[in-house]
Amino acid sequence: HLDVFRKQMPLIELLTTDAMIKKGTYWKEVFQLGNMPFVEITDEVTLNKLIEYNLLDHRDQLEEISNRATKQYNLEKTLNDISDKIKNMKLEFIEHKKIKELYLIKTTEEIMQFLDDQLNLVLMLKNSSFINAILLKKANDLHARLDLIQCTLENWMVTQRGWNYLEPIFSSDDIKKRLPKETASFERIDENFRKLMELAYKETQDGYMFESFEFEKTLHELEENNKRLELIQKSLAEYLETKRLAFARFYFLSDDELLEILAQTKDPLTVQLHVSKCFEAINLLEFEGLVVVGMISAEKEKVSFIKRIDVEEGEMKGNVEKWLLEVEKVMQQTLQHITKEALADQTERNKWVLSWPGQVVLAVNNIRWTHGVQEAILRNNDSDLEKYEQQLSSELSGIVNLVRGELTELERLTLGALITLDVHARDVVHELCVQNVENITDFSWTSQLRYYWEDGKTPLKVRMINAELKYAFEYLGNSTRLVITPLTDRCYRTLMGAYSLFYGGAPEGPAGTGKTESVKDLAKAVAVQCVVFNCSDT
751 HLDVFRKQMP
761 LIELLTTDAM
771 IKKGTYWKEV
781 FQLGNMPFVE
791 ITDEVTLNKL
801 IEYNLLDHRD
811 QLEEISNRAT
821 KQYNLEKTLN
831 DISDKIKNMK
841 LEFIEHKKIK
851 ELYLIKTTEE
861 IMQFLDDQLN
871 LVLMLKNSSF
881 INAILLKKAN
891 DLHARLDLIQ
901 CTLENWMVTQ
911 RGWNYLEPIF
921 SSDDIKKRLP
931 KETASFERID
941 ENFRKLMELA
951 YKETQDGYMF
961 ESFEFEKTLH
971 ELEENNKRLE
981 LIQKSLAEYL
991 ETKRLAFARF
1001 YFLSDDELLE
1011 ILAQTKDPLT
1021 VQLHVSKCFE
1031 AINLLEFEGL
1041 VVVGMISAEK
1051 EKVSFIKRID
1061 VEEGEMKGNV
1071 EKWLLEVEKV
1081 MQQTLQHITK
1091 EALADQTERN
1101 KWVLSWPGQV
1111 VLAVNNIRWT
1121 HGVQEAILRN
1131 NDSDLEKYEQ
1141 QLSSELSGIV
1151 NLVRGELTEL
1161 ERLTLGALIT
1171 LDVHARDVVH
1181 ELCVQNVENI
1191 TDFSWTSQLR
1201 YYWEDGKTPL
1211 KVRMINAELK
1221 YAFEYLGNST
1231 RLVITPLTDR
1241 CYRTLMGAYS
1251 LFYGGAPEGP
1261 AGTGKTESVK
1271 DLAKAVAVQC
1281 VVFNCSDT
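Structure below.
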């Protein structure tokens, strides 16, 4: 009996797989093998009956049918699993920080990764050699649905990012007034977007989001929104460009920062919080009502303007770039005027250094030093340079004694920078004495950073070898200065030469050796605004 059963075993195994039991369609082929009349599978169809029809003789063909049935059954099962997984996907939402009851999509990263994996799986199934026409249609439909959902979510996130960026901008009355057409377009997008988010949030809470949501219609709307958003952003960029052309320092601000300034032009007092980004050292402007009367540095040094700027006057009203341009002009005129006065002031040095703004003290000190050295060399008397060196040493001692006394924080900062420059000035003169310099064209002298005051439109010139730069009168506040080493001087010679020819310079060396600081210090020496930034996409 066992031998007989062993022979029948393959037949039982092949015809009792899940696929053969659950899918009656394959039995037609089984009956055809044994030339049996086709009947529905019932209790009537017994093993003995099948053996009677010699099915044991067709084992190879039975194996092929059973194998195919199992593969197709598994294919269908996988496709159904994917469909169920899609229905059970959930979007994560987060409430908007400022707008109550508005929920935004937190992230789609996980869902997008999942959709990617499922798409790859469906593609693999479509390429299976066992797939039939019915399963292929099912796989194609599923592929299209996955594609649609993925595409919709991608466009959705583009819309959300665009809306997030533009919503605060178009909340500003000023921007609305300047860009009426774009505002109307954004308001349409805003309305659509809020409705969509409300619906998506509700459907996700109900658990039907990926089952009943109208993805085709939504995708079409999102694509339209994204086209509009692109046009709005283009117009916005053009609008910002006109502002940057009017006031070039706006090029140093990112779009977001510039928009923040432009969105508040109604209130000049809030605009001034961003002024520090446009000027080297103006931390705040001093206002009397709506009139700018002076500038204040981060160290709280105040410098009064020689001309008052009424930001509500004529063209300047509401045009921040126009009155900032005026601030730039008046800043330079004021510093020029104060420098001229400080140069004429013959007060005793220890009192003089505490009577003027820090930057002016350093500039005038350099002018006086250059003049003093030049005079001593031109007199061509051996002892003149040595006498001047002694004079510089006694002046330095005077400042050192001053530092030991009671000083305000601002005065201490000024004297700190002054001592740094005075020590270098004394050392240079000592070196000139050692080398016995007798001519003002001698390289030992021309290779120094020299300051010349000549009355005219740009009265202060800074020279080094054959490079000449105008002292730019950018307000620098009360800043510290670097100790000058022979290497610093060599860098200055190269950079001054390049800058005077409108070239760039590229200091090279290991990290942390002072490349950036040296460039910043040279900028202070010639009072040019120095902007330091790392290049990133913003």
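The opening position of the sequence shown corresponds to residue 751 in the working numbering, with each subsequent residue numbered one higher. Note that the Cβ used here is the ideal one computed from N, Cα and C, for glycine as well. If you're wondering where the values come from, they're calculated on a predicted model, not measured in any experiment.
Pick from L852, H1087 and Q863 that is closest to M839, judged by C-alpha positions: Distance check between M839 and each of L852, H1087 and Q863 places Q863 closest, using alpha-carbon atoms only.
So what does DSSP say about F965, is it helix, strand or coil? In this structure, DSSP gives F965 a helical state, which the three-state scheme calls helix.
Do L1210 and Y1221 have their CB atoms nearer than 7 Å? Taking 7 Å as the cut-off, the Cβ atoms of L1210 and Y1221 count as close.
Tell me V1042's beta-bridge partners as DSSP assigns them. Under DSSP, V1042 forms a beta bridge with F1037 and I1059.
In chain order, what residues of the same chain lie with their CB nearer than 6 Å to the CB of V1153, ignoring the 5 residues before and after it? Same-chain partners within the cutoff: L1165.
Distance, Cα to Cα, L979 vs L1272? If you take the alpha carbons of L979 and L1272, they lie about 44 Å apart.
Just to confirm my understanding: we take A1175, look at its own chain, exclude 5 residues before and 5 after, and list those with CB closer than 7 Å. What are they? Take A1175, set aside five residues on each side of it, and the residues of its chain with a beta-carbon closer than 7 Å to its own are W1119 and L1142, in chain order.
Local Cβ density within 10 Å of L1019, reported as buried at 16 or more and exposed below that: L1019 should be labelled exposed.
Spatial distance of A987 from E1071 (CA atoms): Their backbone Cα atoms lie some 16 Å apart in a straight line.
For A1094, which option in K1079, S1268, K850 and V1110 has the closest C-alpha, if you only look at C-alpha atoms? Distance from the Cα of A1094 is smallest, within the candidate group K1079, S1268, K850 and V1110, for V1110.
DSSP bridge partner residues for S1054 (one or two, in chain order): Looking at the DSSP output, S1054 shares a beta bridge with G1044.
Distance CB(T902)-CB(T968) smaller than 7 Å: In contact: T902 and T968 (Cβ atoms closer than 7 Å).
Can you tell me which of E966, L1163 and D924 puts its alpha carbon nearest to the alpha carbon of K1050? Of the candidates E966, L1163 and D924, the residue whose Cα lies closest to the Cα of K1050 is L1163.
Top-ranked residue by Cα proximity to K876, from L829, Q1198 and I844: If we check each option's Cα against that of K876, L829 comes out closest.
In this structure, how does DSSP classify V1212 when only helix, strand and coil are distinguished? Strand at V1212.
Coarse secondary structure for K876, derived from DSSP in three states: K876 falls in the helix class under three-state DSSP.
Status (buried if at least 16 other CB within 10 Å, exposed otherwise) for G1064: Counting Cβ neighbours within 10 Å, G1064 comes out exposed, since fewer than 16 surround it.
For S833 and L892, which I take to be in contact (beta-carbon distance under 8 Å), what is that distance rounded to the nearest angstrom? The pair is a contact, with the Cβ atoms about 6 Å apart (cut-off 8 Å).
Taking a contact to mean a Cβ-Cβ separation below 7 Å, would you say L854 touches I844 in this structure? Taking 7 Å as the cut-off, the beta carbon of L854 is found closer than this to the beta carbon of I844.
Quick one: measure Cβ to Cβ for E1030 and Q1198, integer angstroms, because I've assumed they're closer than 8 Å. The pair is not a contact, with the Cβ atoms about 24 Å apart (cut-off 8 Å).
What number of angstroms, rounded off, separates the C-alpha of N870 from the C-alpha of A889? Rounded to whole angstroms, the gap between the alpha carbons of N870 and A889 is 12 Å.
Taking the runs of the alpha helix (DSSP H) that are 4 residues or longer, which of them lie wholly in the segment 866 to 951? Segments of the alpha helix (DSSP H) lying fully in the segment 866 to 951: 883 to 919 and 923 to 928.
Three-state secondary structure (DSSP) at Y1138? DSSP places Y1138 in helix when its eight states are reduced to three.
Candidates E917, R911 and L865: which alpha carbon is nearest A894's? A894 has its Cα closest to that of L865, out of E917, R911 and L865.
What are the boundary residues of the beta strand (DSSP E) that I844 is part of? Start and end: E842 to E845.
Proximity to S1047 [Cα-Cα], best of F1000, P1107, K1079 and I1056: Nearest option by C-alpha distance: P1107.
For Q1185, count neighbouring C-beta atoms within 10 Å of its own C-beta (all shown protein chains included) and say buried if the count is 16 or more, exposed if not. Counting other Cβ atoms within 10 Å of its Cβ, Q1185 stays below 16 and is therefore classed as exposed.
Can you tell me the Cα-Cα spacing of Q1140 and G1227, whole angstroms? Across the structure, Q1140 and G1227 are spaced so that their CA atoms are roughly 31 Å apart.
In chain order, what are the residue ranges of uninterrupted alpha helix (DSSP H) at least 4 long that sit wholly in the segment 1107 to 1160? You should have 1108 to 1128 and 1132 to 1153.
Start and end residues, beta strand (DSSP E) containing T858: Secondary structure note for T858: it is in no beta strand (DSSP E), with a DSSP letter that is neither H nor E.
Might you give, ordered along the chain, the residues of its own chain that have their beta carbon closer than 8 Å to the beta carbon of K1016, omitting 5 neighbours on each side? Taken in chain order, the residues that qualify are D923, D924 and G1068.
Express the C-alpha separation of V1212 and R999 in angstroms, rounding to a whole number. If you take the alpha carbons of R999 and V1212, they lie about 23 Å apart.
Evaluate C1241 with the Cβ neighbour count: other Cβ atoms within 10 Å of its Cβ, from every protein chain shown; 16 or more gives buried, anything less gives exposed. The residue is buried, with at least 16 neighbouring Cβ atoms inside 10 Å.
Cβ neighbours of V1114 in the same chain (closer than 7 Å, five flanking residues each side left out): Cβ within range, chain order: T1089, A1092 and L1093.
Is the beta carbon of K1052 closer than 7 Å to that of V1080? No, the Cβ-Cβ distance between V1080 and K1052 is not below 7 Å.
Check each candidate in I1215, K1270 and V1233 and name the one with the smallest Cα separation from T1244. If we check each option's Cα against that of T1244, I1215 comes out closest.
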